[in-house]
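Enquirer: So the sequences go chain by chain: A and B.
Quick note on the numbering used here: the first sequence kicks off at 826 and runs consecutively.
Quick note on the numbering used here: the second sequence kicks off at 108 and runs consecutively.
Can you read through this structure? Questions will come right after.
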Amino acid sequence: DTGVSQDPRHKITKRGQNVTFRCDPISEHNRLYWYRQTLGQGPEFLTYFQNEAQLEKSRLLSDRFSAERPKGSFSTLEIQRTEQGDSAMYLCASSPRTEAFFGQGTRLTVV
Amino acid sequence: KQEVTQIPAALSVPEGENLVLNCSFTDSAIYNLQWFRQDPGKGLTSLLLIQSSQREQTSGRLNASLDKSSGRSTLYIAASQPGDSATYLCAVHSGGGADGLTFGKGTHLIIQP
Chain A
826 DTGVSQDPRH KITKRGQNVT FRCDPISEHN RLYWYRQTLG QGPEFLTYFQ NEAQLEKSRL
886 LSDRFSAERP KGSFSTLEIQ RTEQGDSAMY LCASSPRTEA FFGQGTRLTV V
Chain B
108 KQEVTQIPAA LSVPEGENLV LNCSFTDSAI YNLQWFRQDP GKGLTSLLLI QSSQREQTSG
168 RLNASLDKSS GRSTLYIAAS QPGDSATYLC AVHSGGGADG LTFGKGTHLI IQP
């Protein structure tokens, strides 16, 4: 399968713990995006990478969140000191230029 | 700030009917518009992409139109099937790629067998 891959698919963590998610984009796509989706809402943009450079960050991305894309390949999204409000689906998308292709997401539950 | 609204929020129709889902956006200066399908607990599947210079796109039983000047798009589904049941999301790209997509809340569609 050559689609966008996200790992893990589900994560349950205790409040205050750190979590890290991984996204493997479609190999020839230089653009990579992270979104967050809560129940009943559309996804909300978090951050954007072009190759290894993080070019845009939403105000939703507090200082507890950090994202990297070393060597312009896979990306990681880390949440430090998780809070219950961080419970959501975290979606990764990649794009060659215009059309966005999404992964299956990581469902985070903070208890 | 771009805002995207989808109407209706939910729709339930018998199998075989043709239906229209609506999407409106507040800032007409868009780069493109994309329709997605989302099954419960899953990621998004791209259905159709319309560039700002285009008026419509078709794929199988799906047809999407774009009227950029009025800030509207419609997704037409012909001869609906139970397998079409899902949430349909409309998203616009307002910049050259750096700012991501702005999504509506979606239309939850149920096709009754």
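Just so you know, even glycine gets a beta-carbon here, dropped at the ideal spot from N, CA and C.
Which class does P895/A belong to by DSSP, given the choice of helix, strand or coil?
Expert: Taking the first sequence and counting its residues from 1, one reaches residue 895/A at position 70. Here P895/A carries a helix assignment [DSSP, helix/strand/coil].
Enquirer: Where does P115/B fall in DSSP's three states?
Expert: Against the second sequence, residue 115/B aligns to sequence position 8. Assignment of P115/B by DSSP, reduced to helix, strand and coil, places it in the coil class.
Enquirer: Quick test of the definition: if touching needs 3 or more C-beta pairs under 8 Å, does the region 210–217 of chain B touch the region 153–169 of chain B?
Expert: no
Enquirer: Use the C-beta contact count for Q831/A: other C-beta atoms within 10 angstroms, 16 or more gives buried, fewer gives exposed.
Expert: Here residue 831/A refers to the residue found at position 6 when the first sequence is read from its first residue. The residue is buried, with at least 16 neighbouring Cβ atoms inside 10 Å.
Enquirer: Going by DSSP in three states, Q909/A sits in which element: helix, strand or coil?
Expert: Within the first sequence, numbered from 1, the residue matching residue 909/A stands at position 84. The answer is helix: DSSP assigns Q909/A an H, G or I state.
Enquirer: Buried or exposed: D146/B, going by 16 or more other Cβ atoms within 10 Å of its Cβ?
Expert: Sequence index remark: in the second sequence, residue 146/B carries index 39 (1-based). Counting Cβ neighbours within 10 Å, D146/B comes out exposed, since fewer than 16 surround it.
Enquirer: Can you list the residues of chain A that D206/B reaches, using a CB-CB cut of under 8 Å?
Expert: Here residue 206/B refers to the residue found at position 99 when the second sequence is read from its first residue. Those are F870, Y873, E881, listed as they occur along chain A.
Enquirer: Let me check one thing: in DSSP terms, what residues is Q219/B bridge-paired to?
Expert: Residue 219/B sits at position 112 when you count from the first residue of the second sequence. In the DSSP output, where bridge partners are listed per residue, Q219/B has P121/B.
Enquirer: Looking at the strands, I want to know which residues DSSP matches up with Q164/B.
Expert: In the second sequence, the residue the question calls residue 164/B occupies position 57. Beta-bridge pairing links Q164/B to A171/B.
Enquirer: Cβ of L182/B less than 8 Å from any chain A Cβ?
Expert: As a first step, residue 182/B must be located in the second sequence, where it is residue number 75. Taking Cβ atoms only, chain A never reaches closer than 8 Å to L182/B, which makes this a no.
Enquirer: In the region 136–147 of chain B, which residues sit with their C-beta less than 8 Å from some C-beta in chain A, listed in chain order?
Expert: Y138, N139, Q141, F143
Enquirer: Less than 8 Å separating the beta-carbons of F927/A and V844/A?
Expert: As a first step, residue 927/A must be located in the first sequence, where it is residue number 102. As a first step, residue 844/A must be located in the first sequence, where it is residue number 19. Result no, Cβ atoms of F927/A and V844/A do not sit closer than 8 Å.
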